[in-house]
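Participant: Numbering (this note's numbering), first residue to last: 202 to 366.
What follows is a single structure, and I will ask about it in a moment.
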Amino acid sequence: MGPSDSEPRWLAITGFSGDRARVVGLISGRVVTVPTAELTEHWLETGIIVWERFDRVPQLLKMGEEGRGVLWLQRALAELHFFDGRPNGIFDGNTLAAVTRFQRERGLVSDGIAGPLTQIALYGQLDRYPIPRLSSNGSFRARPTSFPTPTDSERGAASRSGGRG
């Protein structure tokens, strides 16, 4: 990340302490800390988020859809006090309003589509999911897990979403 570094590289940010980030991949075999301002200067606004879909929910949930995935969405939003209707598994105007408000309050694109980023944010807010969390002391809570390979239809849905949701 110095002036002589001309090739882009992938780094893993493993935690934060004040205005510094702990980074793996900058110097081989070492964890180093760098000012977050320096990361911001060099960041190409691209990243990979590894996450587990704890419940079998379609990758994109939007207006007019019906089913168990929408029911999960409505129940999750209700648990977080965003959805005050009765969960019925139909993505209607009430669901759209709840999704949009949740997205807006979490700093997401508020397009009303519950895609991967919205679902990650929901999982992160619901205590029943054992997700890893970065903390200032470097510890995290997680359970060992295997990450399933996405199906062709899931990969297609993710690319069609354009990173939305």
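Positions of the beta carbon are idealized from the N, C-alpha and C atoms, including for glycine.
(1) Do W244 and G226 have their C-beta atoms within less than 8 Å of each other?
(2) Closest by CA to M264, which one among L318, L323, A298 and S229?
(3) Quick one: give me the first and last residue of the alpha helix (DSSP H) that V224 is part of.
(4) Considering just the uninterrupted stretch of the beta strand (DSSP E) at F303, what are its terminal residues?
(5) I'd like to know whether the C-beta atoms of Q275 and T296 end up nearer to each other than 8 Å.
(6) Check whether the Cβ atoms of G290 and R269 sit closer than 8 Å, and answer yes or no.
(7) Return the bridge partner residues of P236 from the DSSP annotation.
(8) Rounded to whole angstroms, what is the Cα-Cα separation between A322 and S218?
Facilitator: Taking the definition as stated:
(1) no
(2) A298
(3) That residue, V224, is in no alpha helix (DSSP H); its beta strand (DSSP E) goes R221 to V225.
(4) It is not in any beta strand (DSSP E) - F303 instead sits in the alpha helix (DSSP H) that spans G294 to E306.
(5) yes
(6) The answer is yes: Cβ separation under 8 Å.
(7) R221
(8) 22 Å
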